[in-house]
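Here the sequence shown is numbered in our numbering, starting from 481 and rising by one per residue.
For each residue, glycine too, the CB sits at the ideal point set by N, CA and C.
These notes concern the structure reproduced below.
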Amino acid sequence: MQKAKTRTRVFSGVQPTGNLHLGNYLGAITKFVALQEEHDCLYCVVDLHAITVFQDPDALTKNTREVTAAFIASGIDPARHIVFNQSQVSGHAELAWIFNCVARLGWLNRMTQFKEKAGKDRENASAGLYVYPNLMAADILLYHATHVPVGDDQKQHLELARDIAQKFNNDFAATIARAGYPGGFFPLPEPLITGPATRVMSLRDGMRKMSKSDESDMTRINLTDDEDAIAKKIKKAKTDPEPLPSEVKGLEARPEADNLVGIYAGLADTSKETVLREFGNAPFSRFKEALAELAAARLTPIGKEMRRLMADPVEIDRILAEGARRAHAIADPILAATKDIVGLIRS
Ligand code: AMP
Ligand code: TRP
481 MQKAKTRTRV FSGVQPTGNL HLGNYLGAIT KFVALQEEHD CLYCVVDLHA
531 ITVFQDPDAL TKNTREVTAA FIASGIDPAR HIVFNQSQVS GHAELAWIFN
581 CVARLGWLNR MTQFKEKAGK DRENASAGLY VYPNLMAADI LLYHATHVPV
631 GDDQKQHLEL ARDIAQKFNN DFAATIARAG YPGGFFPLPE PLITGPATRV
681 MSLRDGMRKM SKSDESDMTR INLTDDEDAI AKKIKKAKTD PEPLPSEVKG
731 LEARPEADNL VGIYAGLADT SKETVLREFG NAPFSRFKEA LAELAAARLT
781 PIGKEMRRLM ADPVEIDRIL AEGARRAHAI ADPILAATKD IVGLIRS
């Protein structure tokens, strides 16, 4: 007898907010690429998430194309999987509204990303920034996605997505059962947060996350950086005076060393142990040279391909439109069933 194939669907998103960096690449995009082999994947440029903080309209358009180009240049195949921008599938916003009515204020108040992004001037943050995690839950659940590759910073948002799915399944248990879904309507999505580089830190401060919005470009390696820029940034990266330890335990309380070793391991697709086996007791100068070479070898072909793709925006827009068409085909029946479950009349 043929064994039933367990259906898994992968969904993830990246915001088109400029300066795609090594953290995005190692924490998310390399995982997206690897998952293509065994799963049906949707990779979404989340433009509606981006506008929770004001975006210059022309920059938003350009950045949306740039993230798309980065996906493809990194090895995502838009013919086999679905690559699209969020705003072209209206179900994301519709389901997010329903989830705004499921999620509790108390849950949202715990979100650390909102606290960080809103900062001290909380009164002046957009309402969208506050309900951002509900939209993220909608992104995933609109496709009944089961697996979500993300960096470590998104863990809390995924827990919220699971809470929303669970509360929806409970609140509407009666109509869900009547509609013929005995195990609940929304699956509880699993986060995939694995490997040595789930949280890449700033090159200038091992306690801060590498971020698109850091004022100093020296804190991050951008996917579009050339070999010289990469070498310069790694050379100037903050370290401590000790040589590298020969075991992972020796990286404790050495955040900058830990970060660079994690980056090396991520880029070489290996573990920190293996890296330290080669570079334990080496001075940082030697390790940094090897790291710069590895980073340039991995990243500069991607940057080059991104530039090539970006030269043809019509083709990128065509890929996004085609992805949106295919995303709609999955989302529409799930949204329709959701409306029926909630009791919303549709025609
Ligand atoms: P964002 O740029 O916020 O849309 O993030 C896109 C993806 O990259 C998400 O899965 C994030 O968790 C991941 N990511 C962002 N910054 C980092 C970082 N410094 N280290 C690892 N992953 C990251
Ligand atoms: N919030 C994520 C980030 O900033 C991006 C995102 C939006 C996402 N929707 C998603 C990630 C759905 C995974 C699944 O990194």
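Assumed close pair S554, I509 - CB separation to whole angstroms, cut-off 8 Å
With a contact defined as Cβ atoms closer than 8 Å, S554 and I509 qualify at about 5 Å.
Distance check for H637 and W587, CA to CA, integer angstroms please. For W587 and H637, the distance between alpha carbons rounds to 10 Å.
Between which two residues does the alpha helix (DSSP H) harbouring F579 extend?
Run containing F579: 571-580, per the alpha helix (DSSP H) assignment.
- Between L756 and the rest of its own chain, which residues show a CB-CB distance below 7 Å, the 5 nearest in sequence each way excluded? In chain order, L724, P725, S726, E727, V728, V741 place their CB closer than 7 Å to the CB of L756, counting only its own chain and leaving out the 5 sequence neighbours on each side.
- Residue interval of the beta strand (DSSP E) (run including F534): For F534, there is no enclosing beta strand (DSSP E), since its DSSP letter is neither H nor E.
Examine the Cβ distances between the segment 671-688 and the segment 737-754 and report whether three or more of them are shorter than 8 Å.
-> The segment 671-688 vs the segment 737-754: in contact.
query = Less than 8 Å separating the beta-carbons of R642 and L668?
reply = For R642 and L668, yes; Cβs fall inside 8 Å.
* **Residue range of the unbroken alpha helix (DSSP H) whose run includes H501** => In the DSSP annotation of this structure, H501 is not part of any alpha helix (DSSP H), being labelled neither H nor E.
* Asked: Is there at least one non-hydrogen atom of the ligand AMP closer than 7 Å to the beta-carbon of L506?
  -> Result yes, Cβ under 7 Å from the ligand AMP.
Buried or exposed: L500, going by 16 or more other Cβ atoms within 10 Å of its Cβ? When all chains shown are included, L500 counts as buried.
Problem set entry | Entirely enclosed alpha helix (DSSP H) segments - the segment 617-664, minimum 4 residues | Counting only runs of 4 or more, we get 635-651, 653-658.
Between P813 and R798, what straight-line distance do the alpha-carbon atoms span, to the nearest angstrom?
Rounded to whole angstroms, the separation of the alpha carbons of R798 and P813 is 24 Å.
Notebook entry, point to check: Considering only the beta carbon of each residue, do R545 and Q516 sit closer than 8 Å?
Noted result: No, the pair does not count as a contact, with Cβ atoms beyond the cut-off.
Inset, instruction - Determine the direct distance from the alpha carbon of G507 to that of V547, and round the result to whole angstroms. - result: Just so you know, the alpha carbons of V547 and G507 end up roughly 15 Å apart.
Exercise. Would you give the residue range spanned by the beta strand (DSSP E) that S726 belongs to?
Key: Neither: S726 is in no beta strand (DSSP E) and is coded neither H nor E.
Q.
Measuring straight from C-alpha to C-alpha, what distance separates F564 and S751?
A. Note on geometry: alpha-carbon atoms of F564 and S751 lie some 32 Å from one another.
| Smallest Cα separation from A573: which of S691, F534, G631, D619? | A573 has its Cα closest to that of D619, out of S691, F534, G631, D619.
Segment contact, 8 Å Cβ cut-off, at least three pairs: the segment 526-534 with the segment 793-812: Contact fails: fewer than three Cβ-Cβ distances are below 8 Å.
ask   = A816 to E785, Cα distance in whole Å?
value = Pairing A816 with E785, the inter-Cα distance amounts to about 39 Å.
Check: Any idea what DSSP makes of N702, helix, strand or coil?
Finding: In this structure, N702 counts as strand in the three-state DSSP scheme.
Look up E670 in the DSSP assignment and say whether it is helix, strand or coil.
The answer is strand: DSSP assigns E670 an E or B state.
Who pairs with N614 in a beta bridge, going by DSSP? DSSP lists no partner for N614.
task = Taking only the alpha-carbon atoms, compute the straight-line gap between G783 and L824 and give it to the nearest angstrom.
result = As the crow flies, the alpha-carbon of G783 is around 47 Å from that of L824.
- Can the beta-carbon of V628 be found closer than 8 Å to that of P671? With respect to the 8 Å criterion, V628 and P671 are classified as neighbours on the basis of their beta carbons.
### Neighbour flag for F665 against chain C, beta carbons, 8 Å
Within the model displayed, chain C is absent; a lone protein chain is all it includes.
task = Taking L609 and V533 to be in contact with their CB atoms under 8 Å, please state how far apart those CB atoms are, rounded to whole angstroms.
result = Contact holds; Cβ gap of about 7 Å.
- prompt: So the alpha helix (DSSP H) V794 belongs to, where does it begin and stop?
  reply: If you look at V794, you'll find it in the alpha helix (DSSP H) that goes 793-822.
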